[in-house]
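559 is the number of the first residue of the sequence shown in my numbering; add one for each residue after it. To start, the structure itself, in structure tokens.
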Amino acid sequence: MPGSKSLTNRWLMLAALAEGQSVLRGALASDDTTSFAEAIARCGVRASWTAPDELTVVGCAGRPRGGSSVNLGDGGTPTRFMAAFAALADRPILIDGSARMRERPVAEGIAMLASLGASIRWIEVAGRLPVAVGGSRPSGRTLVVGATSSSQFISAVMLMAPWLDRGLDVVFTEPPTSPSYLELSIGVLARAGVPISVERTPGGALAGVTVQPAPMRGLDITVEPDASSAIYPLAAAALVPGMRVTVPGLPRTTSQPDRGAIDALVAMGARERSIDRSTAIEHGGPLRGITVDASRWPDGSLAVAAVAAAASGTTTITGLHTLRVKESDRIGAMASELRALGCTVTASDDALVIDPSTRHERPVTLHAHRDHRVAMSLATLGLVRAGISIDDPACVAKSWPGFWESLAQFEGV
Numbered sequence: 559m560p561g562s563k564s565l566t567n568r569w570l571m572l573a574a575l576a577e578g579q580s581v582l583r584g585a586l587a588s589d590d591t592t593s594f595a596e597a598i599a600r601c602g603v604r605a606s607w608t609a610p611d612e613l614t615v616v617g618c619a620g621r622p623r624g625g626s627s628v629n630l631g632d633g634g635t636p637t638r639f640m641a642a643f644a645a646l647a648d649r650p651i652l653i654d655g656s657a658r659m660r661e662r663p664v665a666e667g668i669a670m671l672a673s674l675g676a677s678i679r680w681i682e683v684a685g686r687l688p689v690a691v692g693g694s695r696p697s698g699r700t701l702v703v704g705a706t707s708s709s710q711f712i713s714a715v716m717l718m719a720p721w722l723d724r725g726l727d728v729v730f731t732e733p734p735t736s737p738s739y740l741e742l743s744i745g746v747l748a749r750a751g752v753p754i755s756v757e758r759t760p761g762g763a764l765a766g767v768t769v770q771p772a773p774m775r776g777l778d779i780t781v782e783p784d785a786s787s788a789i790y791p792l793a794a795a796a797l798v799p800g801m802r803v804t805v806p807g808l809p810r811t812t813s814q815p816d817r818g819a820i821d822a823l824v825a826m827g828a829r830e831r832s833i834d835r836s837t838a839i840e841h842g843g844p845l846r847g848i849t850v851d852a853s854r855w856p857d858g859s860l861a862v863a864a865v866a867a868a869a870s871g872t873t874t875i876t877g878l879h880t881l882r883v884k885e886s887d888r889i890g891a892m893a894s895e896l897r898a899l900g901c902t903v904t905a906s907d908d909a910l911v912i913d914p915s916t917r918h919e920r921p922v923t924l925h926a927h928r929d930h931r932v933a934m935s936l937a938t939l940g941l942v943r944a945g946i947s948i949d950d951p952a953c954v955a956k957s958w959p960g961f962w963e964s965l966a967q968f969e970g971v
């Protein structure tokens, strides 16, 4: 199982800004992480893969070298993290991405950097990539955050905060989007030894985060296996009679948000086994539809939606409002492809309601919509329904280049 993409990107951000050499063991080598590593390498950081899952980084001590141009492709997290990294540079860094990335929201996050004193210049259209960031070092302190379409920029600013002269106080005037990923960033900073404190509402929601200035030296980190990737083979185990899949090194107590998708599989009828610091799922009999709030793990919801196509009864998945502006319109993509399989699907801006397929099986080519998570979610159904093919198998390289080889191990089960 590859290392966590979310954790690899967060540790790579800290390693790039740290002083001296860091080693990230178990890191994920994928399109997203590789494009981020290549981008920071153009800005005064040395980053190299010293093993297939080991990334060695010599950081810039909080002072990136400006003057370069970088393109992060389809990578939403790398693009947003790169913008925060560039804000500390001595000269502007030009940041661009793919055609799809130019459509995705970045204006509100760039405005956060500007409010902290970063220098910003839109190149073509205000609010859209490309954008030049850097040349006027932000000093930090208070960032007031209301409603946002993504939490990635907030994580990015928190991760750069140890190198701000005055640190950072984040004040949430409304519950943040995707708070589970902010919690992941808080955990990474705490593990790195950064003084960080969290204020919560009476109900436990994030109300504020304070990050103190704390430039760090090199890190030696082992990255957990990726819960976001693990959901696909675990979904396969839920679907296929007699199958069990074990993910070594992924504890039940992981802070990765997509652990919630694994819990949803169990609620649908899969059986979970506790094995040391591993996660194991096995087929537990006929699967049933559920109603579940996926707001803390929206990406993992796609695999749950695919499993719902083979369950009995209706599955309702809510909390999906961030999925319209991902690598694809993931709500629309899953709705159209599950309908192609004969499911009845109702899609809204926040939810999918899925009634399983009753149509006689026939060969069908499903569209990945150039989206790795759509492709991998739909692929799991190929283990229990004959005749499924995916039109863009290469798109999985964004997060799990070896996915198809791993899935092939299940053939004939």
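Cβ atoms here follow ideal geometry from the backbone N, Cα and C, with glycine treated the same way.
Report the option in the options whose CA atom is closest to the CA atom of residue i.
i, options, result
"Ala576", "Asp589, Ser588, Arg583 and Val603", "Val603"
"Ala705", "Ser915, Thr880 and Arg775", "Thr880"
"Arg695", "Arg724, Ser708 and Phe711", "Arg724"
"Leu808", "Val781, Gly667 and Val824", "Val781"
"Ala838", "Arg829, Leu845 and Arg846", "Arg829"
"Leu740", "Gly877, Arg854 and Leu899", "Arg854"
"Thr591", "Pro636, Ala574 and Arg623", "Pro636"
"Thr811", "Met801, Ala573 and Ala785", "Ala785"
"Ala891", "Thr916, Val932, Ile875 and Ala864", "Val932"
"Thr873", "Ser886, Ser836 and Ala825", "Ala825"
"Pro914", "His925, Glu895 and Asp907", "Glu895"
"Ser832", "Met774, Val903, Thr804 and Ser713", "Thr804"
"Ala641", "Ala573, Val703, Gly818 and Met670", "Met670"
"Gly564", "Ser886, Phe968, Arg686 and Ile744", "Checking the sequence shown, residue 564 turns out to be Ser, not Gly. Considering only alpha carbons, the answer is Ile744."
"Arg699", "Ser964, Gln710, Val728 and Val616", "Val728"
"Gly617", "Phe643, Ile848 and Pro951", "Phe643"
CB-CB under 6 Å to residue i, same chain, minus the five flanking residues each way: which ones, in chain order?
i, result
"Thr923", "Ser947 and Asp949"
"Thr614", "Val581, Ser606 and Thr608"
"Glu666", "Thr706"
"Gly877", "Asp851, Ala852 and Ser853"
May I have the straight-line CA-CA distance separating residue i from residue j, to the nearest angstrom?
i, j, result
"Ala794", "Ala772", "44 Å"
"Val581", "Arg758", "33 Å"
"Thr566", "Leu586", "6 Å"
"Gly970", "Met559", "Caution is warranted here: a pLDDT of 49 is assigned to Gly970, below 50, making its placement in the model unreliable, and the coordinate value is therefore given only provisionally. Whole-angstrom Cα-Cα distance: 21 Å."
"Glu986", "Met718", "Nothing can be reported for residue 986: it is not among the residues displayed for the chain, which extend from 559 to 971."
"Pro783", "Gly584", "7 Å"
"Ala765", "Glu732", "8 Å"
"Ile820", "Ala788", "9 Å"
"Pro734", "Val703", "8 Å"
"Gly634", "Arg660", "10 Å"
"Ala822", "Ser906", "20 Å"
"Pro856", "Pro815", "9 Å"
"Ala574", "Val903", "44 Å"
"Arg897", "Ala864", "11 Å"
May I ask which residues mark the beginning and end of the beta strand (DSSP E) holding residue i?
i, result
"Thr637", "Where Thr637 is concerned, there is no enclosing beta strand (DSSP E), although the alpha helix (DSSP H) it sits in stretches over Gly634 to Ala644."
"Ser738", "Element bounds for Ser738: not the beta strand (DSSP E) but the alpha helix (DSSP H), Pro737 to Arg749."
"Leu924", "Val922 to Leu924"
In the DSSP assignment, the alpha helix (DSSP H) including residue i goes from what residue to what residue?
i, result
"Ile889", "Arg888 to Ala898"
"Ile668", "Ala665 to Ser673"
"Glu963", "Phe961 to Ala966"
"Ala554", "The structure shown has nothing for residue 554, since the chain only spans 559 to 971."
"Ala838", "Not the alpha helix (DSSP H): Ala838 falls in the beta strand (DSSP E), residues Ser836 to Glu840."
"Thr938", "His930 to Leu939"
Taking 7 Å as the limit between beta carbons, can you name the residues of its chain near residue i, skipping five residues before and five after?
i, result
"Arg835", "Gly807 and Pro809"
"Ala955", "Ser588 and Asp589"
Quick one: is the Cβ of residue i within less than 7 Å of any heavy atom of the ligand GDP?
i, result
"Ala644", "With respect to the ligand GDP, the structure shown offers nothing to examine, as it has no ligands at all."
Handout entry: Length at least 3, wholly inside the region 561-627: the beta strand (DSSP E) runs in chain order
Key = Runs of the beta strand (DSSP E) spanning 3 or more residues and lying entirely within the region 561-627 occur at 579-583, 604-609 and 612-616, in chain order.
Handout entry: Uninterrupted beta strand (DSSP E) stretches inside the region 820-885 (no shorter than 3 residues)
Key = 829-833, 836-840, 849-851 and 873-876
Handout entry: Inside the region 752-812 only - beta strand (DSSP E) runs reaching at least 3 residues
Key = 754-758, 764-769, 778-780 and 802-805
Problem - Continuous alpha helix (DSSP H) assignments of at least 4 residues falling wholly in the region 670-738 - result: Counting whole runs of 4 or more residues, the region 670-738 contains the alpha helix (DSSP H) stretches 710-718.
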